[in-house]
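Visitor: Below you will find the structure I want to go over with you.
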Amino acid sequence: MEGSSSNHMLKYFLILLAIFSYLNSSSASRHGPSKIAADRRFIKTSCSSTTYPTLCYKSLARHASLIQTSPKLLAHASLNVTLAMAKSTSAVMLKMSKSPGMKPREVDAMQDCLEELSDSVDELRKSIGEMGLIKASNFELTMSDIQTWVSAALTDETTCSDGFEKNTVNGKVVRAQIVKIAHMTSNALALINSYASLRG
Ligand SMILES: *[C@@H]1O[C@H](CO)[C@@H](O)[C@H](O)[C@H]1NC(C)=O
Numbered sequence: 000m001e002g003s004s005s006n007h008m009l010k011y012f013l014i015l016l017a018i019f020s021y022l023n024s025s026s027a028s029r030h031g032p033s034k035i036a037a038d039r040r041f042i043k044t045s046c047s048s049t050t051y052p053t054l055c056y057k058s059l060a061r062h063a064s065l066i067q068t069s070p071k072l073l074a075h076a077s078l079n080v081t082l083a084m085a086k087s088t089s090a091v092m093l094k095m096s097k098s099p100g101m102k103p104r105e106v107d108a109m110q111d112c113l114e115e116l117s118d119s120v121d122e123l124r125k126s127i128g129e130m131g132l133i134k135a136s137n138f139e140l141t142m143s144d145i146q147t148w149v150s151a152a153l154t155d156e157t158t159c160s161d162g163f164e165k166n167t168v169n170g171k172v173v174r175a176q177i178v179k180i181a182h183m184t185s186n187a188l189a190l191i192n193s194y195a196s197l198r199g
């Protein structure tokens, strides 16, 4: 009795295994395992010319199947991930600034920084909007607008993180997060510049 029931379990297990490996192989062949590897290599190579290559690759590798090997989609995706990070950080900071136990000076620093961050969110948003409007006829002008806005976003983030006191716990944590956003913005700018230089 026991033997046949464990036999049964084994069969069940093998069938599940077969189903899972079938599902895995079918999802791999949708994009093609070597295609994904090539797309990831393209991201890694492109990221190697940015100032923060590890952060660049980490934040973009999961969008490999969307980016493929397009410098334009790579620049667009890097703006997307930077905007998403800036938005979620500013939401957290807003909550933090209203929480009890914050010192008035901390609240002031947080609010100043939030203003800068919200400017940088606007600039990133405008840049992303323009990415979708690029045509051969307006390429240089549009790219130059995007470069201006992303540089402004980077300046705002730097001002924001510089205003933080480094000697409080909240200050340290928030500052580190803003510095990360600034690094992602710097990477996005580098990818935008290299896309611009392809046709410029
Ligand atoms: C950027 O984000 C938009 C909106 O979420 C999305 O539709 C688009 O596919 C993204 N593009 C890239 C290249 O990640």
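Note that numbering that gives the first Met the number 0 numbers the sequence shown so that position 38 is 37, with each residue one more than the last.
From the three backbone atoms N, C-alpha and C, an ideal C-beta is built for every residue, glycine too.
In this text the structure is predicted, and so the values were computed from the model without any measurement.
1) Among the residues of its own chain, which have a CB less than 8 Å from the CB of asparagine 101, if the five just before and after it don't count?
2) Give me the residue from Ser89, Ala83, Asn192, Gln176 with the minimum Cα distance to glutamate 114.
3) How about asparagine 186 and serine 119: are their beta carbons less than 8 Å apart?
4) Take threonine 141 and list the residues in its own chain whose beta-carbon comes closer than 6 Å to its own, dropping the five residues that flank it on each side.
5) Can you determine whether any heavy atom of ligand 1 sits closer than 7 Å to the C-beta of leucine 65, and answer yes or no?
6) Whose CB is closer than 5 Å to a heavy atom of ligand 1? List the residues in chain order.
7) Grouping DSSP H, G and I as helix and E and B as strand, with all else coil, what is threonine 141?
8) Give every residue of the same chain whose Cβ lies closer than 8 Å to the Cβ of serine 28, excluding the five residues on either side of it in the sequence, and list them in chain order.
9) Given this structure, state the Cα-to-Cα distance separating isoleucine 127 from threonine 167, to the nearest angstrom.
10) For the alpha helix (DSSP H) that glutamine 67 lies in, which residues bound it at each end?
11) For threonine 44 and serine 98, what's the separation of their Cα atoms in angstroms?
12) Which residues in the same chain as alanine 63 place their Cβ atom closer than 7 Å to its Cβ, once the five residues preceding and following it in sequence are excluded?
13) Would you please state the rounded distance, in angstroms, between the beta carbons of leucine 188 and serine 150? I believe it to be under 8 Å.
14) Grab the span of the alpha helix (DSSP H) containing phenylalanine 41 for me, first residue to last.
15) Look at the alpha carbon of leucine 82 and the alpha carbon of serine 33, and state the distance between them as a whole number of angstroms.
Guide: Working from what's here:
1) Locating residue 101 in the sequence shown gives position 102, counting from the first residue. Checking the displayed sequence, the identity of residue 101 turns out to be methionine instead of asparagine. Counting only Cβ-Cβ distances below 8 Å, and skipping sequence neighbours, we find Met95, Met109, Asn169.
2) Residue 114 sits at position 115 when you count from the first residue of the sequence shown. When each option's Cα is compared against that of glutamate 114, the closest is Ser89.
3) The residue you call residue 186 lines up with position 187 of the sequence shown. The residue you call residue 119 lines up with position 120 of the sequence shown. Their beta carbons are not under 8 Å apart, which means asparagine 186 does not touch serine 119 by this criterion.
4) Numbered from 1 along the sequence shown, position 142 holds the residue referred to as residue 141. Same-chain partners within the cutoff: Glu129, Ile133.
5) Translated into positions along the sequence shown, residue 65 becomes position 66. Answer for leucine 65: yes, Cβ within range of ligand 1.
6) With the cut-off at 5 Å, the residues found are Leu72, His75, Ala76, Asn79.
7) In the sequence shown, counting from the first residue as 1, residue 141 sits at position 142. Here DSSP, grouped into helix, strand and coil, assigns threonine 141 to helix.
8) Taking the sequence shown and counting its residues from 1, the one referred to as residue 28 is at position 29. Model confidence at serine 28 stands at a pLDDT of 47, short of 50, so the residue's coordinates are unreliable and nothing is read from them.
9) If you number the sequence shown from 1, residue 127 lands on position 128. If you number the sequence shown from 1, residue 167 lands on position 168. In a straight line, the C-alpha of isoleucine 127 is about 35 Å away from that of threonine 167.
10) Within the sequence shown, the letter at position 68 stands for residue 67. Element bounds for glutamine 67: n/a, residue is neither H nor E.
11) Numbered from 1 along the sequence shown, position 45 holds the residue referred to as residue 44. Numbered from 1 along the sequence shown, position 99 holds the residue referred to as residue 98. Threonine 44 and serine 98 have their alpha carbons spaced roughly 43 Å apart.
12) Translated into the one-based positions of the sequence shown, residue 63 becomes position 64. Correct list, in chain order: Ile35, Asp38, Arg39, Ile42.
13) Taking the sequence shown and counting its residues from 1, the one referred to as residue 188 is at position 189. Taking the sequence shown and counting its residues from 1, the one referred to as residue 150 is at position 151. Right, the Cβ-Cβ distance comes to about 6 Å (below 8 Å), so this counts as a contact.
14) Within the sequence shown, residue 41 is the residue found at index 42, counting from 1. Judged by DSSP secondary structure, phenylalanine 41 falls within the alpha helix (DSSP H) whose first and last residues are 32-46.
15) Within the sequence shown, the letter at position 83 stands for residue 82. Within the sequence shown, the letter at position 34 stands for residue 33. Taking C-alpha positions only, leucine 82 is separated from serine 33 by approximately 30 Å.
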